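Heads up, this note's numbering is the position in the sequence shown plus 82, with the first residue counted as 1.
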Amino acid sequence: MRKYEDIKIAVAGAGYVGMSIAVLLSQHHSVTLVDVVKGKVDQINAGKCPFDDELIDKYLSEKNLNLRAEVAGERSYSDSDIVIVATPTNYDPQRNFFDTHLIEEVLQQALAVNPGALIVIKSTIPVGYSEHFLEKHKGIKLLFSPEFLREDNALYDNLYPSRIIVGRTHENEKEACLFARLLQEGAVKQ
83 MRKYEDIKIA
93 VAGAGYVGMS
103 IAVLLSQHHS
113 VTLVDVVKGK
123 VDQINAGKCP
133 FDDELIDKYL
143 SEKNLNLRAE
153 VAGERSYSDS
163 DIVIVATPTN
173 YDPQRNFFDT
183 HLIEEVLQQA
193 LAVNPGALIV
203 IKSTIPVGYS
213 EHFLEKHKGI
223 KLLFSPEFLR
233 EDNALYDNLY
243 PSRIIVGRTH
253 ENEKEACLFA
263 RLLQEGAVKQ
């Protein structure tokens, strides 16, 4: 991993979770926001939020952010120290089932081109998901950091977090502290 100030971050998913975390972190670090929808990517690169969020729009137009967006490709995660997964997780109440296939696609793509990257899941996942994934993929650095965001106030909730939680294995304490530090650094101090 690069020196702290030179850390490169990729965020998968330009919804309200991914967009808000990308804006937060791009205040101090290089962030690439990756999405499958070209229209969203074009809007972000033009300095516009792809959904209604006044604060994100304000940050995009007024702050000196180190943020760019790109359409997801096989090399999207190759140069990142940290890959944050913020893709949708649909829940089917009839089957009591979380559809995690988008998360798994990003994890597979990232690990294929960058097996040493720190992976942070922000998406909603079922209980035991991280443990099961780590059993299949020994030696990767995986964290889970749940989001506590309101859809219309996602960036605000990241700037003024009520709590920062980072789940880790015993081996990933250093990485968990690093990620918590990144979140705290982007937050507004009161």
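The beta-carbon is built from N, C-alpha and C at its ideal position, and this holds for glycine as well.
The structure presented is a predicted model; accordingly, all values stated were derived computationally and were not measured.
Separation of the CB atoms of Q109 and K145 is rounded to 7 Å, and the pair is thereby assigned contact status at 8 Å. Excluding residues up to 5 positions away in sequence, V167, T169 and S205 lie with their Cβ nearer than 6 Å to the Cβ of I185 in the same chain. If you ignore the 5 residues before and after I203, its C-beta comes within less than 6 Å of the C-beta of V167 and F226, all in its own chain and listed in chain order.
If you draw a straight line from the Cα of R250 to the Cα of L224, it comes to about 7 Å.
Short of 6 Å from the beta carbon of P208, and not among the five residues preceding or following it, lie these beta carbons of its own chain, in chain order: F180. Under DSSP, the beta-bridge partners assigned to I166 are V93 and V202. According to the DSSP assignment, D181 belongs to no alpha helix (DSSP H) but to the beta strand (DSSP E) extending over F179 to D181. Taking a cut-off of 8 Å on C-beta distances, the segment 146 to 165 does not touch the segment 240 to 256, as fewer than three cross pairs fall below it. Y173: not part of any alpha helix (DSSP H); member of the beta strand (DSSP E) spanning N172 to D174, first to last residue.
Judged by DSSP in its simplified three-state form, F133 adopts coil rather than helix or strand.
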